[in-house]
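Enquirer:
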Amino acid sequence: METWYPPAGPSAVELLIVGLAPGLRGANRTGIPFIGDESGTLLHQTLARHGLARQSLQSDSADRPTLNGTAITNAVRCVPPENKPVGAEINTCRKFLVATINRMPELKVIVTLGKISHDSTIRALGGKIAHHPFRHAAETEIGSIRILSSYHCSRYNINTGRLTPQMFDTVFQKAVRSLGPGSAPST
Ligand code: URA
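The numbering used here applies: residue 46 is where the sequence shown begins, and numbers increase by one.
1) Beta carbon of residue 84: closer than 7 Å to some heavy atom of ligand 3?
2) Looking only at C-alpha atoms, which of 65, 74 and 137 sits nearest to residue 129?
3) On a CA-only basis, which of 114, 184 and 84 is nearest residue 95? Give me that one, please.
4) Return the CA-CA distance between residue 106 and residue 85, expressed in angstroms with no decimal places.
5) Taking Cβ to Cβ, would you say residue 170 is nearer than 8 Å to residue 188?
6) Can you give me the start and stop residues for the alpha helix (DSSP H) that residue 77 sits inside?
7) If you pair each beta-carbon of the region 76-85 with each one of the region 194-211, do three or more pairs fall below 8 Å?
8) Any heavy atom of ligand 1 inside 7 Å of the beta-carbon of residue 197?
9) Quick one: is the Cβ of residue 141 within less than 7 Å of any heavy atom of ligand 1?
10) Straight-line CA distance for residue 190 to residue 205?
11) Quick one: does the C-beta of residue 61 sit closer than 7 Å to a heavy atom of ligand 1?
12) Is there at least one non-hydrogen atom of ligand 1 closer than 7 Å to the beta-carbon of residue 217?
13) Between the alpha carbons of residue 89 and residue 218, how many angstroms are there, rounded?
14) With a 10 Å radius around its C-beta and 16 neighbouring C-beta atoms as the bar for buried, classify residue 131 as buried or exposed.
15) Let's test the definition: count the other Cβ atoms within 10 Å of the Cβ of residue 75 and tell me whether it reaches 16, buried, or not, exposed.
16) Please return the same chain residues whose Cβ sits closer than 7 Å to the Cβ of residue 216, not counting the five positions on each side in sequence.
17) Residue 134 lies in the alpha helix (DSSP H); which residues open and close that run?
18) Could you give the distance in angstroms between the alpha-carbon of residue 104 and the alpha-carbon of residue 175?
19) Output the distance between the C-alpha atoms of residue 101 and residue 111, rounded to the nearest integer angstrom.
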């Protein structure tokens with residue numbers, strides 16, 4: 046499963062989260078982005094707190110929460126060596142990201158996790174990186190889509206304090222605010 050949707054499918058998605066690539070012990074094993082790896086723990090706790098998913102998740106549980114108006118995908122489709130995808134791989138995979146975005150007629154907000162995801166998303170939306178540079182908690186707009194950028198919620202970033210749960214929470218607070226009144230959306 047390259048993209049994980051809410052029960053009503055792509056047409057119900059107002060918020061898309063773009064990660065980096067399937068985690069070796071996570072999506073690569075479970076088939077679902079951010080399920081089964083530690084990067085997913087903070088993400089799912091944060092989604093639940095903001096009403097974007099229904100129950101939180103133990104890092105190695107096979108269960109998964111139900112997404113609410115939210116979908117999760119990755120910028121790159123295969124697990125890259127040392128988790129560092131090369132430019133060619135990122136560019137090749139962008140057509141899948143474009144196709145994913147195009148399946149979501151109600152999409153309003155994208156949260157990007159890390160610079161690679163940010164840059165690939167900006168390009169997928171036809172923007173220029175120079176006009177929309179990556180910065181944690183930056184907000185920008187391309188067409189009708191609002192893009193909020195975050196450091197990746199990787200175990201490394203969390204353990205080194207580069208990304209704290211509070212910093213991550215702030216990004217999702219902004220995302221929910223950008224969805225507008227009546228949100229969090231229904232499934
Ligand atoms: N798992 C994913 O699916 N994506 C990431 O970016 C990290 C872990």
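Ideal placement from N, C-alpha and C gives every residue a C-beta, glycine not left out.
Expert: Answer, in terms of the structure:
1) Summarising the ligand content, the structure contains ligand 1 and does not contain ligand 3.
2) 65
3) 114
4) Caution applies to residue 106, whose pLDDT of 46 falls short of 50 and renders its modelled position unreliable; the model cannot decide the point.
5) yes
6) Taken as a continuous stretch (DSSP letters only), residue 77 belongs to no alpha helix (DSSP H), as it is neither H nor E.
7) yes
8) Distance from the C-beta of residue 197 to the nearest heavy atom of ligand 1 is below 7 Å.
9) no
10) 31 Å
11) no
12) no
13) 14 Å
14) exposed
15) Buried.
16) 156, 182, 193 and 195
17) 132-147
18) Reliability fails at residue 104, whose pLDDT of 49 lies under 50, so the model's placement of it is uncertain and no value is given.
19) Bear in mind that the predicted position of residue 101 carries a pLDDT of just 46, short of 50, making it unreliable; the figure below should be weighed with that in mind. Cα atoms of residue 101 and residue 111: separation of roughly 9 Å, rounded to the nearest angstrom.
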